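Down below is the structure, laid out as structure tokens.
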Amino acid sequence: FEFSLSERKSNTWIEEFSEMPVSQTKIVSESYEKNKVNLRDDFMCLYIERKFTDMEIIVGGKKFPAHKTVLCARSPVFSAMFESNMLEKEKNVVEISDLDPETVDKMLFFMYSEVLEDRNWDSVTKLYVASDKYQIMTLKDKCASILFDQLSSKSACEVLHLADMHCDSDFLDAVQDFIITHDEENLQSDEWKEFMDSNSKIACQTMHKAWIHRTTVRRKEL
């Protein structure tokens, strides 16, 4: 569809609205996708080349020059740092002590590019924690998706604890559903027995959901 706008003083309204031909719609769509990729590549280069940076992130003695505008646009946590009268705003330096340099580098690269190439379990787990801390929700969701795709009876308890610790209800539900769907394998494992001892609340909640699931299935079979 295409439309034209008329404006008078502070009011804006649609004056004309007409249907755009399918061929023209396709051209606009393809142009948008191409420009989106170009924009991503431009921002990727901006991070890699470190041009016109106006702040630094320091992790484990390593410095990462960055752009406040990009960080603030991508993370409400960084935005709050530079909007309030915090030390970070005064010095244009953010020191991070609870993450490693490699994780921060990958997090920043994603913030500029939306690209996450490393799908290694430990790396993605660390990025999930980092993205939750800085509320980079697109990265958090991507990490959750990667971890879920690699779920097994060996890793289910670890991921269940991770989702619970970071109050990720959607991820938590998905992991619980995985455990319940494969309950004979998961709920009899050594990992689950250890998990019950250290995380009794979420373990009981999961087993309760498993009981409801089994009861529902049995009723349908009657």
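For the sequence shown, full-length UniProt numbering gives the first residue as 1, with consecutive numbering after it.
Ideal Cβ placement from N, Cα and C applies to all residues, glycine included.
Bear in mind that the values here come from a model prediction, so they are computed numbers and not experimental data.
Notebook entry, point to check: Under the rule that 16 or more other beta-carbon atoms within 10 Å means buried, what is residue 217, buried or exposed?
Noted result: exposed
Item checked: Assigned secondary structure, residue 129 (DSSP; H/G/I helix, E/B strand, else coil) -> helix
Margin query: Going by DSSP in three states, residue 62 sits in which element: helix, strand or coil?
Written below: strand
Margin query: Let's see if you can read the secondary structure: which residues bound the beta strand (DSSP E) around residue 95?
Written below: 93-96
Check: According to the neighbour-count rule (16 or more other Cβ atoms, all chains shown, within 10 Å of its Cβ), is residue 171 buried or exposed?
Finding: buried
Check: Taking the alpha helix (DSSP H) that residue 146 falls in, what are its first and last residues?
Finding: 137-149
Next item on the list: With DSSP collapsed to three states, give me the class of residue 42.
Entry: helix
Next item on the list: Please determine, among 70, 134, 168, the residue with the shortest C-alpha to C-alpha distance to residue 145.
Entry: 168
Check: When the distance is taken between beta carbons, is residue 180 closer than 9 Å to residue 210?
Finding: yes
Check: Would you call the region 93-109 and the region 154-162 touching, i.e. three or more CB-CB distances under 8 Å?
Finding: no
Item checked: Span of the alpha helix (DSSP H), counted from its first residue to its last, around residue 83 -> 76-83
Check: Expressed to the nearest angstrom, what Euclidean distance is found between the alpha-carbon atoms of residue 190 and residue 173?
Finding: 22 Å
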